[in-house]
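Let me begin by presenting the structure, written as structure tokens, before commenting on it.
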Amino acid sequence: MQGFLESVNSVIWGLPMLIFFLFTALRFTFKSRFFQIRGFSEMLKSTLGTILKKNNEDGVSQFGAFCSVLGACIGTGNIVGVATAIYSGGPGTVFWMWVSAILSMMTAYSENYLGIKYKRKDKYGNISGGAFSYIENGLKMKGLAKIYSFFCIGSVIGMGNLTQSNSISQSLKAGFNVPEIVTAIIVTLLVFIIIKGGIKRIADFGTIVVPLMTTFYLIISLWVIFKHREAVIPCFINIFKEAFSFKAVNGYGIYKAVRFGISRGVFSNEAGLGSSTILHSQVENVSGEKQGMWAMLEVFIDTVFLCTFTAVAILVSTDYTALFGAELSIKAYSTIGTIGEKGIALLTTVFAFTSLTSCSFYGEKGVEYLFGKKHVDLYKFLYGVFSFIGCINPPKIIWTFADICNGLMAVPNLFAINVLGKEIEYK
Numbered sequence: 002m003q004g005f006l007e008s009v010n011s012v013i014w015g016l017p018m019l020i021f022f023l024f025t026a027l028r029f030t031f032k033s034r035f036f037q038i039r040g041f042s043e044m045l046k047s048t049l050g051t052i053l054k055k056n057n058e059d060g061v062s063q064f065g066a067f068c069s070v071l072g073a074c075i076g077t078g079n080i081v082g083v084a085t086a087i088y089s090g091g092p093g094t095v096f097w098m099w100v101s102a103i104l105s106m107m108t109a110y111s112e113n114y115l116g117i118k119y120k121r122k123d124k125y126g127n128i129s130g131g132a133f134s135y136i137e138n139g140l141k142m143k144g145l146a147k148i149y150s151f152f153c154i155g156s157v158i159g160m161g162n163l164t165q166s167n168s169i170s171q172s173l174k175a176g177f178n179v180p181e182i183v184t185a186i187i188v189t190l191l192v193f194i195i196i197k198g199g200i201k202r203i204a205d206f207g208t209i210v211v212p213l214m215t216t217f218y219l220i221i222s223l224w225v226i227f228k229h230r231e232a233v234i235p236c237f238i239n240i241f242k243e244a245f246s247f248k249a250v251n252g253y254g255i256y257k258a259v260r261f262g263i264s265r266g267v268f269s270n271e272a273g274l275g276s277s278t279i280l281h282s283q284v285e286n287v288s289g290e291k292q293g294m295w296a297m298l299e300v301f302i303d304t305v306f307l308c309t310f311t312a313v314a315i316l317v318s319t320d321y322t323a324l325f326g327a328e329l330s331i332k333a334y335s336t337i338g339t340i341g342e343k344g345i346a347l348l349t350t351v352f353a354f355t356s357l358t359s360c361s362f363y364g365e366k367g368v369e370y371l372f373g374k375k376h377v378d379l380y381k382f383l384y385g386v387f388s389f390i391g392c393i394n395p396p397k398i399i400w401t402f403a404d405i406c407n408g409l410m411a412v413p414n415l416f417a418i419n420v421l422g423k424e425i426e427y428k
């Protein structure tokens, strides 16, 4: 099964997909006249400068949506995803993650601008927005919107559920020797409790957890890097050298570095998938430009900033070809002692759980769009079941499945934002 999935994944994430992602990101970068660079201070002012603003008593604040989306992004992508990228494609993948993320800030802006522009209220008075809406109402292609929603559900199960629950299980096993079956039972019960409360409970959970855990993550990452500070400069030299090497780690070359850099970057920040538009569209009385800048900030913090800390911590402290996924990250952070080993295991667990709960909302909206609200409760039950399955299965097959689902989800979304690109405005 693993061999078959690897073959499918190689086709989906082949050269055409990489070109599609880079073309889209470059197109909106040039169209906006490099807004992610010239408008960086404006982005900070319009986002962090209004961090506590709330639109209505019962709604989701912009900061709540930001933390929920960041909670969905920060997790296995930043800690375990970076480790799998380096293992699979070498240090050069880090460079291509940076390039992909900086350019994809405008992809994230564009899809969220359209998500706000085309959001609607359904017959129940609930907000219906995101990629579903701009594919159906902007492109006038309801069939494609349904295909997108189907792939969205698949991506949520793969990237949002199976990989997250698997990383929780692997981290607790490696860091605290917790049996996988015990983790599976606990995670499943907690998932049921959180997602039963809906988007408000998910947003509140992310608002509390994400800032605290991100701060702790930065502290122990800097600790690892400082301990191995003599290897920092050689580490960066190696990143740039391997990024353009025709024979990089394990015989892989520049193609592998680019492929895993972009695919793991997408896994981490989700730019191009359209997933963040689903949650951002829940914020009322906000412009497309404003919500687009929040999306840009998420990509920057997630990949350019946080992923770099994990990558450098791994590259300066351990043999990145010896272990895979969560075990590699834990090995790197264990070089500062028990606090690093236990700390990164705990961080991976909490970050993965925030991803697990936040991503559930994306799938919920996909199910609602495709099958109607009456099937949402069944979806929530099955979502918990999949989290149980993710905890007890091997990690490599789960990561490959998630990559496949992400690629399938990206295609209709990238097509839509390219066709509707002329409607997008910038400050």
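Its first residue numbered 2, the sequence shown is counted upward by one per residue in this note's numbering.
Think of the CB as a built atom: it goes at the ideal place given N, C-alpha and C, for glycine as much as any other residue.
Item                                                                                                      : Value
Residues near Lys228 by beta carbon distance below 8 Å, same chain, minus five either side                : Ser318, Thr336, Ile337
Nearest residue (CA-CA) to Ser11, options Gly408, Ala272, Phe152                                          : Gly408
Coarse secondary structure for Val250, derived from DSSP in three states                                  : Because the pLDDT at Val250 is just 48, under 50, the model does not fix this residue reliably, and the value given afterwards should be weighed accordingly. Here Val250 sits in helix by DSSP.
Buried versus exposed call for Leu329 [16 or more other C-beta atoms within 10 Å across all chains shown] : buried
Collapsed DSSP secondary structure at Arg34 in the structure displayed                                    : coil
Inter-residue spacing [alpha-carbon to alpha-carbon] between Gly50 and Lys366                             : 30 Å
Endpoints, alpha helix (DSSP H) assigned at Tyr110                                                        : 93 to 118
Identified DSSP bridge partners for Ser356                                                                : For Ser356, which the question treats as bridged, DSSP gives no partner whatsoever.
Cross-strand partners of Arg121 (DSSP beta bridge)                                                        : Ser129
Beta-carbon spacing of Leu392, Ala185 below 7 Å                                                           : It should be noted that the sequence gives Cys, not Leu, for residue 392. Their beta carbons are under 7 Å apart, which means Cys392 touches Ala185 by this criterion.
Residue range of the alpha helix (DSSP H) that includes Tyr384                                            : 377 to 392
Close Cβ partners of Leu27 (< 8 Å) along its chain, the five nearest in sequence each way excluded        : Leu104
C-alpha distance - Lys122 paired with Gly15, whole-angstrom precision                                     : 38 Å
DSSP state of Tyr427 mapped onto helix, strand, coil                                                      : coil
8 Å contact criterion, which Phe152 and Tyr370 should meet: CB distance rounded                           : About 12 Å separates the two Cβ atoms, so there is no contact after all.
For Asn270, three-class secondary structure by DSSP                                                       : helix
Contact check, Cys308 vs Asn79, beta carbons under 7 Å                                                    : yes
7 Å CB neighbourhood of Gly252 in its chain, flanking five on each side removed                           : Note on Gly252: pLDDT 49, under 50, position unreliable in the model; no value is reported.
Span of the alpha helix (DSSP H), counted from its first residue to its last, around His281               : 276 to 281
DSSP state of Asn167 mapped onto helix, strand, coil                                                      : helix
Delimiting residues of the alpha helix (DSSP H) encompassing Ala323                                       : That residue, Ala323, is in no alpha helix (DSSP H); it is neither H nor E in DSSP.
Rounded separation between Ile117 and Tyr149 - CA only                                                    : 18 Å
Cβ-based burial, Glu290 [other Cβ within 10 Å; buried from 16]                                            : buried
Nearest-angstrom Cα separation, counted from Asn127 out to Gly90                                          : 44 Å
Of the listed residues Ile221, Ile38, Phe22, Leu415, nearest to Gly275 (C-alpha basis)                    : Leu415
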